[in-house]
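*Asks:*
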Amino acid sequence: MIKSNTYEKICHQIAHSIKKLVNDSEFSVLGLATGSTPIGIYEQLRKMDVDFKKTLTYNLDEYVGLDESHPQSYKYFMNEHLFKHRKFHSNHFPDEKLFPYYDSMIDNSDGIDIQILGIGTNGHIAFNEPGTPRDSKTHIVDLTENTIKDNSRFFDSIDEVPTQARTMGIDTIMRSKEIYLIARGKHKKEILEEAIYGNITPEIPASFLQEHRNLKVYYSD
Ligand code: F6R
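The sequence shown begins at -7 in my numbering and counts up by one.
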């Protein structure tokens, strides 16, 4: 079921769930997303009195070919929005060095407790583009024209958008214990409804989430 609310309320609610998990657990593992959608959650977390020193994070994806000092790299993004404000046990990205071991590392951390997800206008989750199989693990993808165009808003020109990324696979994401999927903006409404109420198909990677036993879906205009 899709719950509609204001963006502020959705972010507040999710940040509170994260706070509760972290406070109630000896050790916790978060799966984090970048892009415009989760910014409000990180803003809330920065304001909260939570100690993340026993929390590990695994980001969903990272561009291929962007140095971490590039303002559009996802490491840079996470640093700006959260990691430079709050000290965590450790923060991981599927970069060149870690990506072959990413799924084993997550398993060895006892899995992701809470995974935050946005959705692409083509139905992608992380950078699992249409056609990605259900059993995919962390891998390198060629970004679709649609994603390159969508993400060009963050760059000076479309030619600067990387054409490849490293991403958790669908299976990696589905193994998370709890998933929060958030779509913000009227341009995401139709694809969100198709993903959540339509047929389960690799053509809409987010539709696989219907099979997750602990999924919460939020929409705001
Ligand atoms: C980002 C990610 C992507 C975004 C999606 C929506 O780490 O994995 O799947 O969540 O492209 O992006 P925004 O939130 O910018 O609309």
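C-beta atoms are modelled at their ideal positions from N, C-alpha and C, and glycine is treated no differently.
Taking the beta carbon of Ser(-4) as the centre, do at least 16 other beta carbons fall within 10 Å, making it buried, or is it exposed?
*Replies:* Classification for Ser(-4): exposed.
*Asks:* What residue range is occupied by the uninterrupted beta strand (DSSP E) comprising Asn120?
*Replies:* Note, Asn120: premise wrong, no beta strand (DSSP E); not H, not E.
*Asks:* If you measure from the CB of Tyr172, is any heavy atom of the ligand F6R nearer than 7 angstroms?
*Replies:* No, the Cβ of Tyr172 stays beyond 7 angstroms of every heavy atom of the ligand F6R.
*Asks:* Using the rule of at least 16 other Cβ atoms within 10 Å of the residue's Cβ for burial, across every protein chain shown, is Met(-7) buried or exposed?
*Replies:* With fewer than 16 other Cβ atoms within 10 Å, it is exposed.
*Asks:* Just reading off the beta strand (DSSP E) that Ala157 is part of, what are its end residues?
*Replies:* Run containing Ala157: Gln156 to Thr159, per the beta strand (DSSP E) assignment.
*Asks:* Is Thr26 near the ligand F6R, going by C-beta to nearest heavy atom under 7 angstroms?
*Replies:* Checking every heavy atom of the ligand F6R against the Cβ of Thr26, one is found closer than 7 angstroms.
*Asks:* In the DSSP assignment, the beta strand (DSSP E) including Ser20 goes from what residue to what residue?
*Replies:* Start and end: Ser20 to Leu24.
*Asks:* Just reading off the beta strand (DSSP E) that Thr164 is part of, what are its end residues?
*Replies:* Note, Thr164: premise wrong, no beta strand (DSSP E); alpha helix (DSSP H) at Ile162 to Met166.
*Asks:* Can you name, in chain order, every residue of its own chain whose Cβ lies under 7 angstroms from the Cβ of Asp142, other than the five neighbours on each side?
*Replies:* The residues are Gly112 and Thr113.
*Asks:* Compare the C-beta of Asp127 with all C-beta atoms of chain B and state if any pair is closer than 8 angstroms.
*Replies:* This model lacks chain B altogether, as it is built from one protein chain only.
*Asks:* Give the straight-line distance between the Cα atoms of Arg78 and Phe44, rounded to the nearest whole angstrom.
*Replies:* So the two alpha carbons sit approximately 7 angstroms from each other.
*Asks:* Taking only three categories from DSSP, how would you classify Glu60?
*Replies:* Coil, per DSSP.
*Asks:* Give me the DSSP bridge partner(s) of Tyr172.
*Replies:* Paired residue(s): Ile108 and Lys208.
*Asks:* In whole angstroms, what is the alpha-carbon distance linking Ala187 and Pro86?
*Replies:* C-alpha separation (whole angstroms): 25 angstroms.
*Asks:* So, with DSSP's three-state summary, where would you put Leu90?
*Replies:* Three-state DSSP puts Leu90 in coil, outside helix and strand.
*Asks:* CB of Ile111 to nearest heavy atom of the ligand F6R: below 7 angstroms?
*Replies:* Answer for Ile111: yes, Cβ within range of the ligand F6R.
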